[in-house]
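Novice:
Here you go:
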């Protein structure tokens with residue numbers, strides 16, 4: 676399902692799988708899409724984003740689970756050491772020049788699972804290397820916090836983050852929610868996607884004006900996503916003018 | 002919001018569970034494994050799928066049993082625990098879920114429906130455990146169980162019958178047997194008991210019941226029996242044959258106090274026991290006493306039935322004698338717990354007091370002059386017995402004129418006539434045989450029973466295996482007022498059992514039971 680200010684489309688599926696966040700990566704500056712059997716997945720993104728941001732079809736390390744392997748925002752893209760040189764080159768060529776593509780040597784190679792970031796702040800896996808943390812801060816231009824979400828260390832899988840809001844694992848306690856919200860400076864809500872799935876990062880992908888969810892997502896979940904990411908009033912053009920809002924309290 | 006953890010001294014942040022929206026209906030709820038509110042989860046997943054919701058059970062209206070296939074019938078009351086267990090057992094597939102609770106839902110008793118509400122728990126998506134209640138409806142169908150249908154078809158259905166006969170002219174043995182059977186509960190499994198001329202018929206539903214009854218009989222009286230069977234039906238396919246078994250049981254016709262003239266073979270076999278003998282006790286062997294030598298012999302059933310002699314004179318032919326004089330005993334013996342003393346007495350028949358006899362008797366200890374005694378009048382009797390005739394011819398001095406058997410208490414009993422006894426007895430549920438012309442004279446029966454009761458009073462050894470019950474109507478005070486020196490023998494009160502009024506059952510206990518109030 677694509678939510679924009681205007682229309683909703685019928686269920687988004689990658690080869691019959693509702694986990695959209697696994698096969699795609701959406702930021703404010705670009706969009707990465709896996710190479711699928713049919714073009715439907717790609718067309719869904721294209722219909723929304725064509726002309727606004729480049730949509731790049733790629734694979735990472737020969738796999739299609741690109742959403743979980745790389746982490747990035749409008750400033751840069753981090754790819755794991757398993758990325759081949761051709762893929763790296765392809766990415767460098769396709770993405771806009773201001774986006775820095777960096778391959779990092781890290782034991783935890785599923786960067787999408789380990790890092791959750793927006794344009795200003797990032798949450799990292801607690802066991803990430805010190806150097807990796809520095810690279811993240813450097814390349815992505817963000818402040819890095821080592822955190823857990825509801826006791827899970829895979830922060831990238833269990834939260835979906837944009838500049839305007841975020842959804843975290845449904846079992847997150849109220850205190851944790853407050854803490855994270857203060858760190859990230861965005862309103863957070865505990866919710867689910869894809870009909871009660873807790874793996875939010877894998878189930879959807881979001882940027883400041885659009886989000887894409889799997890076809891199993893219920894209307895309730897859509898409305899939650901809608902409200903927390905403030906997508907109803909969002910327009911592609913407005914992102915340019917809008918200033919970052921000041922400190923916001925927890926979204927209740 | 003943070004609190005010190007007292008136990009470990011660690012700084013622990015208090016965790017409050019937040020609330021998420023149910024992914025289906027949007028109602029706020031605490032997060033669970035499926036992230037759906039309970040109602041949505043229930044609507045989504047039905048854990049009762051595949052479980053039986055309606056089933057048929059069979060009920061026998063005659064005996065109130067429910068059928069558990071293939072053949073067991075279980076007795077259960079309406080809405081009882083047994084019925085609940087039975088109903089749950091009948092459900093298949095119930096092992097896939099965990100049963101938490103089961104209870105009956107009220108249904109109209111005549112509706113032939115039983116409704117049970119079951120609460121089951123099962124695991125659904127992502128490990129959430131869901132509990133669900135659902136009703137199960139049982140349709141009750143009437144179906145006579147095998148035994149009831151067999152009974153319905155032929156209420157007289159017996160499989161084995163024991164025909165107990167004793168070819169004598171009195172029923173003393175049967176009265177005694179009746180009491181024994183009651184005491185030992187030997188005929189508890191008999192379907193029917195019928196009293197016939199010279200015997201009793203017992204009908205059983207099972208051949209083994211009849212066998213065990215015969216085993217019991219064999220231990221208490223000397224019997225001879227034979228078994229016959231009659232084919233009732235035959236199943237060709239399974240080769241099952243249904244028979245009716247009949248046991249024809251003959252009790253030996255020798256009774257207590259009979260006078261017997263032993264055939265020469267038997268007499269010599271027993272060590273030349275004087276052919277005139279008195280039978281003193283009949284249990285599973287016959288005890289015979291030679292009144293002249295005070296010797297005893299025992300014959301068991303097999304030995305008796307090999308020769309099959311009959312008594313010459315029975316207790317009917319006992320005659321009253323008046324004892325004038327008892328001399329000193331010339332010999333004494335104790336046989337089988339009984340003391341006998343051989344002495345000469347002068348007696349005369351009550352009817353013919355002028356004619357005095359001087360005879361030997363074994364009752365020297367018991368008799369005193371002035372007593373009355375009962376005995377056999379060989380002098381005056383016309384005995385219809387071959388052996389007796391042979392013996393009479395062969396013996397030189399002739400037969401003894403009389404043989405005394407027991408002391409007579411008639412005088413003392415006169416005083417107590419009409420007064421109830423201290424004890425009562427129970428009776429077996431017997432039917433009278435109407436069909437054979439009803440030869441049984443009720444007055445005769447009464448007299449015989451009265452004599453039997455007197456027998457019981459006089460002989461403690463007879464009472465050994467019998468239960469006697471306290472007579473509720475009997476009052477102590479009456480006997481206390483009697484000041485006779487020697488009353489008629491009565492049953493001492495210590496031997497009587499009190500009847501349990503509540504449940505009409507005998508009190509279990511040993512023979513000599515203390516009375517309970």
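Residue numbers (the numbering used here), protein chains in the order written: chain A, 676 to 927; chain B, 2 to 518.
All residues carry an ideal CB built from backbone N, CA and C; glycine is no exception.
The model shown is predicted, which means the values in this text are computed figures rather than measured ones.
Using the beta-carbon of each residue, which ones in chain B are nearer than 7 Å to residue 870 of chain A?
Specialist: 24
Novice: Where does residue 378 of chain B land, buried or exposed, given buried means 16+ other C-beta within 10 angstroms?
Specialist: Buried, by the Cβ-count rule.
Novice: Spell out whether any CB of chain B is found under 8 Å from the CB atom of residue 845 of chain A.
Specialist: yes
Novice: Output yes or no for whether 8 Å exceeds the beta carbon distance between residue 534 of chain B and residue 274 of chain B.
Specialist: Nothing can be reported for residue 534 of chain B: it is not among the residues displayed for chain B, which extend from 2 to 518.
Novice: Check whether the segment 764-776 of chain A touches the segment 858-875 of chain A, taking contact to mean three or more Cβ pairs, one atom from each stretch, closer than 8 Å.
Specialist: no
Novice: Ends of the alpha helix (DSSP H) at residue 34 of chain B?
Specialist: Taken as a continuous stretch (DSSP letters only), residue 34 of chain B belongs to no alpha helix (DSSP H), as it is neither H nor E.
Novice: Using a Cβ cut-off of 8 Å (strictly closer), state whether residue 694 of chain A contacts chain B.
Specialist: no
Novice: Is residue 861 of chain A close to chain B? Criterion is C-beta to C-beta, closer than 8 Å.
Specialist: Chain B, which has no Cβ nearer than 8 Å to the Cβ of residue 861 of chain A, makes this no.
Novice: What beta strand (DSSP E) runs, 3 residues minimum, are completely inside the segment 131-219 of chain B?
Specialist: 161-166, 191-197, 200-205
Novice: Along chain B, which residues have their Cβ under 8 Å away from the Cβ of residue 893 of chain A?
Specialist: 24, 25
Novice: Grab me the residues of residue 340 of chain B's own chain with a C-beta within less than 6 Å of its C-beta, minus the 5 sequence neighbours each way, in chain order.
Specialist: 366
Novice: When the distance is taken between beta carbons, is residue 119 of chain B closer than 8 Å to residue 103 of chain B?
Specialist: yes
Novice: With DSSP as the reference, label residue 352 of chain B as helix, strand or coil.
Specialist: coil
Novice: Taking C-beta pairs closer than 7 Å, name the residues in chain B that residue 896 of chain A reaches, listed in chain order.
Specialist: 24
Novice: Go through its chain and collect everything with a Cβ distance to residue 291 of chain B's Cβ below 6 Å, but skip five positions before and after it.
Specialist: 274, 275, 278
Novice: Would you tell me roughly how many angstroms separate the C-alpha atoms of residue 304 of chain B and residue 406 of chain B, rounded to the nearest one?
Specialist: Going by the C-alpha atoms only, they are around 25 Å apart.
Novice: Quick one: Cα of residue 757 of chain A to Cα of residue 763 of chain A, how far?
Specialist: 10 Å
Novice: List, from N- to C-terminal side, the beta strand (DSSP E) runs of 3 residues or more that fit wholly inside the segment 259-298 of chain B.
Specialist: 260-262, 277-283, 286-291
Novice: Scan the segment 817-847 of chain A for residues whose Cβ lies nearer than 8 Å to a Cβ of chain B and list them as they occur along the chain.
Specialist: 845, 846, 847
Novice: Per DSSP, what kind of secondary structure is residue 411 of chain B in: helix, strand or coil?
Specialist: It is helical.
Novice: Taking the alpha carbon of residue 724 of chain A as the reference point, which residue from A:898, A:887, A:903 has its own alpha carbon closest?
Specialist: A:887
Novice: Using the C-alpha atoms, what's the distance from residue 298 of chain B back to residue 336 of chain B?
Specialist: 10 Å
Novice: What are the boundary residues of the alpha helix (DSSP H) that includes residue 782 of chain A?
Specialist: Neither: residue 782 of chain A is in no alpha helix (DSSP H) and is coded neither H nor E.
Novice: Touch check for the segment 147-162 of chain B and the segment 232-252 of chain B: three-plus C-beta pairs under 8 Å?
Specialist: yes
Novice: I'd like to know if residue 850 of chain A contacts chain B, where contact means its C-beta is closer than 8 Å to some C-beta of that chain.
Specialist: yes
Novice: Just to confirm, are residue 140 of chain B and residue 55 of chain B a CB contact at a threshold of 8 Å?
Specialist: yes
Novice: Does residue 537 of chain B get closer than 8 Å to chain A when you measure Cβ to Cβ?
Specialist: Outside the shown range of chain B, which is 2 to 518, sits residue 537 of chain B, and nothing can be said about it.
Novice: Would you identify the three-state DSSP class for residue 124 of chain B, choosing helix, strand or coil?
Specialist: Three-state DSSP puts residue 124 of chain B in a strand.
Novice: What in chain A is Cβ-close to residue 19 of chain B, meaning under 7 Å?
Specialist: 847, 848, 849, 852, 865
Novice: Kindly provide the ranges of any beta strand (DSSP E) runs that are 3 or more residues long and lie completely inside the segment 68-103 of chain B, ordered along the chain.
Specialist: 73-76
Novice: For residue 699 of chain A, tell me which candidate among A:768, A:845, A:749, A:787 has the shortest Cα-Cα distance.
Specialist: A:787
Novice: Return no unless some Cβ of chain B is closer than 8 Å to the Cβ of residue 780 of chain A.
Specialist: no
Novice: Against chain A, with Cβ distances strictly below 8 Å, would residue 40 of chain B count as a contact?
Specialist: Chain A contact via Cβ: absent.
Novice: Can you find a CB in chain A that lies within less than 8 Å of the CB of residue 32 of chain B?
Specialist: yes
Novice: Is the Cβ of residue 144 of chain B closer than 8 Å to any Cβ of chain A?
Specialist: no
Novice: For residue 167 of chain B, which option in B:255, B:205, B:58, B:132 has the closest C-alpha, if you only look at C-alpha atoms?
Specialist: Selected option, being the one with the closest Cα: B:255.
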